[in-house]
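Notes for the one structure printed next.
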Amino acid sequence: MVGGFVDVLARLRVGRIEQSELDSARAKILKVYDTPDAGAARLPSYTLNLLCGHRNLTPDEHRAELAAVTVGDLRDVARELHSTALIQVPGRDVEWAGFTSAPQWSTTSRALAGTTHRSPGNDDVALVIGPRSVTLRTPGGEITVRYEACAALQVFPDGARHLTGLDGFTVAVEPTLYDRLGPDRVAVIDAGVPATVVVRMPERDADSIPRPASLPGGGLKSRTRSVLRSLRIGR
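Okay, so the sequence shown: first residue is 2 according to this note's numbering, each after it adds one.
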């Protein structure tokens with residue numbers, strides 16, 4: 002499946018696109034205007050355009066823009082996509098196709114000061130909470146979000162804090178998953194992150210709060226959820 006997708010993208014990029022393929026795709030898009038509820042069907046896209054500041058086209062304007070698309074336009078778009086796109090594949094890399102693997106860990110050159118809070122179920126996993134950053138340490142590597150480079154801090158009423166850095170990395174601070182992680186340490190995060198990036202979240206139900214597998218109710222579902230939320234993100 003991955004190979005097939007990459008092959009199609011490569012074919013588009015080098016310009017091996019038939020006019021008949023473009024005509025067929027264009028005809029399928031235009032069919033939306035043949036339905037009696039075309040306006041209602043396009044309401045979600047109209048709303049998205051308003052939110053993003055994009056212009057909403059009338060049906061006639063849309064038809065005219067579609068009619069103006071050429072095979073050369075498709076080739077140019079495919080080349081731009083290939084040079085800037087981020088591809089996510091299951092359990093393998095695609096360097097053989099000319100793609101470079103995205104960073105999996107932070108590139109912090111030195112350890113940042115702070116208190117260490119280990120995972121009760123795994124001594125090799127720990128959070129380091131300091132006055133300038135939060136770091137997740139694992140056997141595979143480290144992920145650090147500096148407060149000054151924090152894009153969003155999700156604040157949960159139960160004490161959890163999820164930090165997303167400007168580089169796309171996320172660290173989930175879950176007091177239920179780490180030793181000695183009390184309100185005083187969470188307060189350090191709140192004091193360090195700019196208030197302009199704080200996002201206050203609604204209260205979570207009990208099943209949504211991750212717990213160590215050794216606690217009652219910490220079965221496979223809870224363990225899986227805990228790993229996904231607290232170890233690392235996919236970029």
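Backbone N, C-alpha and C fix where the C-beta goes; we use that ideal spot for every residue, glycine too.
All values derive from a computational prediction rather than experimental measurement.
Answer yes or no: do residue i and residue j have a C-beta to C-beta separation smaller than 9 Å?
i, j, result
"E96", "D159", "no"
"P140", "T177", "no"
"W106", "I130", "no"
"L13", "A79", "yes"
"V33", "A39", "yes"
"L164", "C151", "yes"
"V189", "A98", "no"
"P91", "V3", "yes"
"I18", "V72", "yes"
Quick one: measure Cβ to Cβ for residue i and residue j, integer angstroms, because I've assumed they're closer than 8 Å.
i, j, result
"R153", "V200", "Reading off the sequence shown, one finds Ala at residue 153, where the question assumed Arg. The Cβ separation is near 6 Å, so the contact holds."
"E66", "L58", "7 Å"
"G183", "R133", "No, G183 and R133 are not in contact; Cβ-Cβ is about 20 Å, not under 8 Å."
"V126", "V172", "Their Cβ separation, rounded to whole angstroms, is 12 Å, which puts V126 and V172 out of contact at 8 Å."
"V174", "R162", "4 Å"
Keeping to the same chain, check which residues put their C-beta closer than 7 Å to that of residue i; ignore five residues upstream and five downstream.
i, result
"D180", "H118, R119 and P121"
"R64", "L31"
"Y148", "R133, S134, G193 and V194"
"Q20", "V72"
According to DSSP, what are the bridge partners of residue i?
i, result
"G1", "Examination of residue 1 is not possible in this model, given that the chain is present from 2 through 236 alone."
"N57", "For N57, which the question treats as bridged, DSSP gives no partner whatsoever."
"G142", "T139"
"A173", "H163"
"A98", "None; A98 has no bridge partner."
Below 8 Å CB to CB, which residues in the same chain sit around residue i once its five sequence neighbours on both sides are set aside?
i, result
"D94", "F100 and S102"
"L51", "N57"
"V156", "R162, D191, V199, V200, R201 and M202"
"H60", "In the sequence as presented, His is not what sits at residue 60; that position holds Pro. Correct list, in chain order: Y34 and A39."
Distance, Cα to Cα, residue i vs residue j?
i, j, result
"D168", "A28", "40 Å"
"R226", "P211", "Low confidence applies to R226: its pLDDT is 43, below 50, so where it sits in the model is not reliable, and the reading given next is rough at best. If I take the Cα positions, the gap works out to 7 Å."
"V15", "H83", "11 Å"
"D35", "A196", "50 Å"
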